[in-house]
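Each residue of the sequence shown is one higher than the last, beginning at 606 in my numbering.
Positions of the beta carbon are idealized from the N, C-alpha and C atoms, including for glycine.
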Amino acid sequence: MDSSIDLLRIFSEVGGPSGYESRVREIVVSKFIPIARSVETDQMGSVIANLGGLEGSPKVMISAHMDEVGLMVKNVTEEGYIKFQQLGGWLDQAIVNQRWVILNDKKDVFGVTGIKTVHVMSPEERKKIFDAKELFIDVGAPTKEYVENELGISPGDPIVPFSPFSVLNDGELLLGKAWDDRAGLALMIKVVQEIESSKSDKVNLLFAVATVQEEVGLRGATTSSYMVNPDIGINLEAGVAGDFPGITTDESQERIGMGPTIFLHDSSMIPNIKLRDFVKDVAQKKGIPLQFNVLTGYGQDGSALQRSREGTPTINIAIPTRYLHSHNSVISYKDFEQAVSLVRSLVEGLDSKTVEYIKKF
Ligand code: CO
606 MDSSIDLLRI FSEVGGPSGY ESRVREIVVS KFIPIARSVE TDQMGSVIAN
656 LGGLEGSPKV MISAHMDEVG LMVKNVTEEG YIKFQQLGGW LDQAIVNQRW
706 VILNDKKDVF GVTGIKTVHV MSPEERKKIF DAKELFIDVG APTKEYVENE
756 LGISPGDPIV PFSPFSVLND GELLLGKAWD DRAGLALMIK VVQEIESSKS
806 DKVNLLFAVA TVQEEVGLRG ATTSSYMVNP DIGINLEAGV AGDFPGITTD
856 ESQERIGMGP TIFLHDSSMI PNIKLRDFVK DVAQKKGIPL QFNVLTGYGQ
906 DGSALQRSRE GTPTINIAIP TRYLHSHNSV ISYKDFEQAV SLVRSLVEGL
956 DSKTVEYIKK F
């Protein structure tokens, strides 16, 4: 079984923006192969692992998305600068003056979103917010021909933040890119690894699904949940920590280090009430701290799962995350470990009787 830190580091650092998840998928498949009965992909590229279980019992689907927010090459200027399309929701300000890697079949290419220096700016210009349309990536190449022929870069090549994994405060907090949703993905892998190595009897049929293209509209969750057709859905995400200067509890109520969070509301979903109460009960019985968040914005894969076919009772469980959708996000190791215990206990508690109760209105 992998250590949590190893899983988190590997998944944070691997590059895979929406639509270009192949490197992430390769790792996910390699983790599922030794423990799953079957590992399949749907026709969009989401990975579906059938972990087996009790014959004739309900299907439980846990899911997490593989993609991260990134960019893709749009065109190359005559001077050899890369213009790009954003993949997923970026603040323009988070793109400026950062390091990037262009993922390319030939070789990975480093670059920087250059910024005009303060020395040449008027006082008015200094106050101006950068417009993403003016941004470009400098890969150090002299001409368009060099970029295309020597570096092998062409329109459509995916681009991801360059941001090595680091630990803060002796490993209490973990700093890296892509915690949305690689924290959820590592959580899902860790949960199924623990369940499989415990060798305890399963009470349901377990499916673990790593989805594609969440950041551009929950696209992989739509097709993969149709394929699995589950009775219960548990989606795993990066939450929104509201615990640093400049963010208010009105905007977000969860805090880092205070345990996993359930979303009671986001712009895409209201969870099934009985499933919500089941999660609360399990957390209380196991002594796992649980937080609640009522968000105005945010959309997540759970909502696609919830609305698949004739509907599925679904909940979204999140690991509180600071500064998501940027090069540098922060999570707590303790929250991660508590989320592992919580999700594992949920899966182990969803027997036929409980699922039947949750599904009934
Ligand atoms: Co996400």
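When DSSP builds the beta bridges, which residues end up paired with Met677? Here the question's residue 677 lines up with position 72 in the sequence shown. Bridge partners of Met677: Gln690 and Pro763.
Can you find the residues in the same chain that come closer than 8 Å, C-beta to C-beta, to Ile800, ignoring five residues on each side of it along the sequence? Position 195 of the sequence shown, counted from the start, is the residue given in the question as residue 800. Short of 8 Å from the beta carbon of Ile800, and not among the five residues preceding or following it, lie these beta carbons of its own chain, in chain order: Leu656, Lys807, Leu811, Arg949, Val952 and Glu953.
Does the beta-carbon of Glu801, which I'm using as the reference point, lie nearer than 7 Å to any heavy atom of the ligand CO? Within the sequence shown, the letter at position 196 stands for residue 801. No, the beta carbon of Glu801 sits no closer than 7 Å to any heavy atom of the ligand CO.
Spatial distance of Gly892 from Glu755 (CA atoms): Here residue 892 refers to the residue found at position 287 of the sequence shown. Here residue 755 refers to the residue found at position 150 of the sequence shown. Using only the alpha carbons, I get a separation of about 58 Å.
Beta-bridge pairing of Gln896 - partner residues as DSSP gives them: Residue numbering aside, residue 896 sits at position 291 when the sequence shown is read from its first letter. Bridge partners of Gln896: Thr866.
Would you check if the distance between the CB atom of Asp871 and the CB atom of Gly904 is smaller than 8 Å? By 1-based counting over the sequence shown, the position of residue 871 is 266. By 1-based counting over the sequence shown, the position of residue 904 is 299. For Asp871 and Gly904, yes; Cβs fall inside 8 Å.
Give every residue of the same chain whose Cβ lies closer than 6 Å to the Cβ of Met606, excluding the five residues on either side of it in the sequence, and list them in chain order. Here residue 606 corresponds to residue number 1 of the sequence shown, with the count starting at 1. Cβ within range, chain order: Gln798 and Ser802.
By Cβ distance below 8 Å, which residues in the same chain neighbour Val723 in space, the five residues on each side in sequence not counted? Counting from 1 along the sequence shown, the entry for residue 723 is found at position 118. Around Val723: Arg731.
For Phe941, the first and last residue of its enclosing alpha helix (DSSP H): Against the sequence shown, residue 941 aligns to sequence position 336. Note, Phe941: alpha helix (DSSP H), Tyr938 to Gly954.
Tell me whether Gln648 is buried or exposed, calling it buried when 16 or more other Cβ atoms sit within 10 Å of its Cβ. Numbered from its first residue, the sequence shown carries residue 648 at position 43. Classification of Gln648: exposed, given that the 10 Å Cβ count is below 16.
Taking the beta strand (DSSP E) that Val960 falls in, what are its first and last residues? Numbered from 1 along the sequence shown, position 355 holds the residue referred to as residue 960. Run containing Val960: none in the beta strand (DSSP E); it sits in the alpha helix (DSSP H), Ser957 to Lys964.
Who are the near neighbours of Gly862 in its chain, counting only those whose CB is closer than 7 Å to its CB and skipping five residues on each side? Here residue 862 refers to the residue found at position 257 of the sequence shown. So the list reads Ser937, Lys939 and Asp940, once near-sequence residues are dropped.
Cβ atoms of Ala843 and Trp784: under 8 Å apart, would you say? Looking up residue 784 in the sequence shown gives position 179. Looking up residue 843 in the sequence shown gives position 238. A distance below 8 Å separates the beta carbons of Trp784 and Ala843.
Can you determine whether any heavy atom of the ligand CO sits closer than 7 Å to the C-beta of Asp607, and answer yes or no? In the sequence shown, the residue the question calls residue 607 occupies position 2. Answer for Asp607: no, Cβ out of range of the ligand CO.
Work out the CA separation of Gly675 and Asp611 for me, nearest whole Å. For the purposes of this step, residue 611 is taken as residue 6 along the sequence shown, with counting starting at 1. For the purposes of this step, residue 675 is taken as residue 70 along the sequence shown, with counting starting at 1. When rounded, the distance between both Cα atoms is 23 Å.
Using a Cβ-based criterion (distance less than 7 Å to any ligand heavy atom), does Glu842 qualify as near the ligand CO? Within the sequence shown, the letter at position 237 stands for residue 842. The answer is yes for Glu842.
With a threshold of 7 Å (Cβ to nearest heavy atom), would Glu819 be considered close to the ligand CO? Position 214 of the sequence shown, counted from the first residue, corresponds to residue 819. Checking every heavy atom of the ligand CO against the Cβ of Glu819, one is found closer than 7 Å.
Does the ligand CO have even one heavy atom less than 7 Å from the beta-carbon of His670? The residue labelled residue 670 in the question sits at position 65 within the sequence shown. Result yes, Cβ under 7 Å from the ligand CO.
To which residues does DSSP link Leu1031 through a beta bridge? Because the chain in this structure spans residues 606 to 966, residue 1031 falls outside the shown range and cannot be described.
Give me the residue from Thr917, Lys712, Ser651 and Gly789 with the minimum Cα distance to Tyr625. Counting from one through the sequence shown, the residue named residue 625 turns up at place 20. Out of Thr917, Lys712, Ser651 and Gly789, Ser651 has the C-alpha closest to the C-alpha of Tyr625.
By the 10 Å Cβ neighbour count, where 16 or more other Cβ atoms means buried, how is Thr853 classified, buried or exposed? The residue given as residue 853 occupies position 248 in the sequence shown. So Thr853 ends up on the exposed side.
So what does His670 bridge to, in DSSP terms? Sequence index remark: in the sequence shown, residue 670 carries index 65 (1-based). In the DSSP output, where bridge partners are listed per residue, His670 has Thr816.
Report yes if the C-beta of Asp786 is less than 7 Å from at least one heavy atom of the ligand CO; otherwise report no. Your numbering for residue 786 matches position 181 in the sequence shown. The answer is yes for Asp786.
Between which two residues does the beta strand (DSSP E) harbouring Phe969 extend? The structure shown does not extend to residue 969, since the chain is modelled only from 606 through 966, so no value can be given for it.
Looking at Val744: is its Cβ nearer than 8 Å to the Cβ of Val714? Taking the first residue of the sequence shown as 1, we reach residue 744 at position 139. Taking the first residue of the sequence shown as 1, we reach residue 714 at position 109. Going by C-beta atoms, Val744 is nearer than 8 Å to Val714.
Would you check if the distance between the CB atom of Phe770 and the CB atom of Gly781 is smaller than 8 Å? For this step, residue 770 is matched to residue 165 along the sequence shown. For this step, residue 781 is matched to residue 176 along the sequence shown. Yes, they are a contact pair.
Got a sec: does the ligand CO put a non-hydrogen atom nearer than 7 Å to the Cβ of Gln905? By one-based count along the sequence shown, residue 905 stands at place 300. Answer for Gln905: yes, Cβ within range of the ligand CO.
Can you grab the Cα-Cα spacing for the pair Phe767 / His932, in whole Å? What you label residue 767 is simply residue 162 of the sequence shown in a count that begins at 1. What you label residue 932 is simply residue 327 of the sequence shown in a count that begins at 1. Computed Cα separation, rounded: 7 Å.
Opposing strand residues paired with Trp705 [DSSP bridges]: Residue numbering aside, residue 705 sits at position 100 when the sequence shown is read from its first letter. Answer is Gly716 and Pro766.
What residue range does the alpha helix (DSSP H) around Thr828 cover? By 1-based counting over the sequence shown, the position of residue 828 is 223. Segment Arg824 to Val833, the alpha helix (DSSP H) holding Thr828.
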